[in-house]
Amino acid sequence: MELPEFRVIDLIDIVLFASLIFYLYRLVKGTAAINIFIGIVIIYLIYQVTVFLEMEMLSRALGAFTGAGVFALIVVFQQEIRRFLLMLGSTNFTSKRRFLRQLRIFKADVDNHNNIVDEIVTACKRMSATKTGALIAIKRDGSLDFLKNSGDTMDILVNAPIIQSIFYKNSTLHDGAMIIEGNKITATRVILPVSDNRKIPQRFGLRHRAALGLTERSNALAIIVSEETGQVSLVINGEFESFDDMDDLSDKIKSHLA
Ligand SMILES: Nc1ncnc2c1ncn2[C@@H]1O[C@H](COP(=O)(O)OP(=O)(O)OP(=O)(O)O)[C@@H](O)[C@H]1O
111 MELPEFRVID LIDIVLFASL IFYLYRLVKG TAAINIFIGI VIIYLIYQVT VFLEMEMLSR
171 ALGAFTGAGV FALIVVFQQE IRRFLLMLGS TNFTSKRRFL RQLRIFKADV DNHNNIVDEI
231 VTACKRMSAT KTGALIAIKR DGSLDFLKNS GDTMDILVNA PIIQSIFYKN STLHDGAMII
291 EGNKITATRV ILPVSDNRKI PQRFGLRHRA ALGLTERSNA LAIIVSEETG QVSLVINGEF
351 ESFDDMDDLS DKIKSHLA
């Protein structure tokens, strides 16, 4: 029997397909969608076996299911597809900005960013000392407009005392999240999407889950001050990012916004 010719392009095809599956698996790992992902893979494998064994009725039924499956997949994995496209888009954009920054076009922009980050971190440090709970979403490239409707739209220049007074326990605006875009606080009392990641430790409540949920669905940064412990946390891409002290936190935020 003559074996089909194996070209280099076939090897590249296999490697790229395997990477795509691996990447999709990592994207849904730890979320409720992982069980659906595994279920779909099992059904597809069974379908291939039934085709190979020429089991006509079963293969026809499973074939019809996998045919309609593409639309079902888009509905079921809506959020994961969104995250995937966001990651692709923002990676490209970030590298473009880095290139432009090398040309020093964004020098003024960077100085401005740094001042804003200093104000945010100063506020977090003070709120941490007084155990004032806070949740701040900082926009990067992707729009956060889809969240703003759930809260109150604002147009206030960022500075530490304002942030503190908004999250002050008796303030009418302290509940929910604050959105910061550029040098402005653009919304308060925003309700963020809560993460369904089952790997989040039990000790984290809704504030932390909302920060994780936001950063799973957008490329924004989230900063949390815990009302219970005063601990400050930084969240990006659906994960907590550790830092040594407040100076380190400031550096990390600046580098993410650069
Ligand atoms: N979906 C959400 N979007 C924005 N803010 C939220 C959301 N859910 C809860 N919060 C805010 O988090 C506050 C406290 O929630 P909770 O005590 O469950 O959080 P936590 O993660 O345990 O944080 P903490 O350590 O501060 O207690 C709520 O009063 C509310 O202001």
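For the sequence shown, my numbering begins at 111 and goes up steadily by one. Note that CB positions come from ideal geometry on N, CA and C, so glycine has one too. A quick note: this is a predicted structure, and the numbers were derived from the prediction, not measured.
Residue i: first and last residue of the uninterrupted beta strand (DSSP E) it sits in
{"i": "Ile290", "result": "Ala287 to Glu291"}
{"i": "Asp262", "result": "Asp262 to Leu267"}
{"i": "Met116", "result": "Here residue 116 is Phe; the residue named in the question, Met, does not match the sequence. Per DSSP, Phe116 belongs to no beta strand (DSSP E) and is neither H nor E."}
{"i": "Phe353", "result": "Counting along the chain, Phe353 falls outside any beta strand (DSSP E), and DSSP gives it neither H nor E."}
{"i": "Ala332", "result": "Leu331 to Val335"}
Cβ-based burial, residue i [other Cβ within 10 Å; buried from 16]
{"i": "Met430", "result": "Residue coverage of the chain in this structure runs from 111 to 368, which leaves residue 430 outside it and unanswerable."}
{"i": "Glu326", "result": "buried"}
{"i": "Leu126", "result": "exposed"}
{"i": "Arg117", "result": "exposed"}
{"i": "Ile122", "result": "exposed"}
{"i": "Leu163", "result": "exposed"}
{"i": "Phe181", "result": "exposed"}
{"i": "Leu195", "result": "exposed"}
{"i": "Phe132", "result": "exposed"}
{"i": "Ser360", "result": "buried"}
{"i": "Val185", "result": "exposed"}
{"i": "Gly261", "result": "buried"}
{"i": "Gln212", "result": "Per-residue confidence for Gln212 stands at a pLDDT of 49, beneath the threshold of 50, marking its modelled position as unreliable; no derived number is given."}
{"i": "Asn329", "result": "buried"}
{"i": "Ala171", "result": "exposed"}
{"i": "Ile290", "result": "buried"}
{"i": "Ile273", "result": "buried"}
{"i": "Ile215", "result": "Any reading at Ile215 must be qualified, since the residue scores a pLDDT of 44, below 50, and its modelled position is unreliable; the value itself is stated next. Exposed, because fewer than 16 other Cβ atoms sit within 10 Å of the Cβ of Ile215."}
{"i": "Arg317", "result": "buried"}
{"i": "Met288", "result": "buried"}
{"i": "Gly149", "result": "exposed"}
{"i": "Val268", "result": "buried"}
{"i": "Asp120", "result": "exposed"}
{"i": "Glu190", "result": "buried"}
Residues bridged to residue i [DSSP beta-bridge criterion]
{"i": "Thr298", "result": "Asp262"}
Residue i in three-state terms, based on DSSP
{"i": "Ser343", "result": "strand"}
{"i": "Phe175", "result": "helix"}
{"i": "Val125", "result": "helix"}
{"i": "Val151", "result": "helix"}
{"i": "Ile310", "result": "coil"}
{"i": "Tyr135", "result": "helix"}
{"i": "His318", "result": "helix"}
{"i": "Glu71", "result": "Given a span of 111 to 368 for the chain in the structure shown, any question on residue 71 remains unanswerable."}
{"i": "Leu163", "result": "coil"}
{"i": "Leu283", "result": "coil"}
{"i": "Gly323", "result": "helix"}
{"i": "Lys364", "result": "helix"}
{"i": "Lys235", "result": "helix"}
{"i": "Ser328", "result": "coil"}
{"i": "Ser169", "result": "helix"}
{"i": "Glu229", "result": "helix"}
{"i": "Val185", "result": "helix"}
{"i": "Leu130", "result": "helix"}
{"i": "Val180", "result": "helix"}
{"i": "Leu213", "result": "At Leu213 the pLDDT is 48, less than 50, meaning the model places this residue with poor confidence; the figure from the coordinates comes in the next sentence. Three-state result, Leu213: coil."}
Residue span of the alpha helix (DSSP H) that contains residue i, given as start and end
{"i": "Leu245", "result": "Note, Leu245: premise wrong, no alpha helix (DSSP H); beta strand (DSSP E) at Ala244 to Ile248."}
{"i": "Leu254", "result": "That residue, Leu254, is in no alpha helix (DSSP H); it is neither H nor E in DSSP."}
{"i": "Pro271", "result": "Ala270 to Phe277"}
Contact with chain C by residue i, beta-carbon distance below 9 Å
{"i": "Gly173", "result": "As a matter of chain content, chain C is missing from the structure shown, which is built from one protein chain."}
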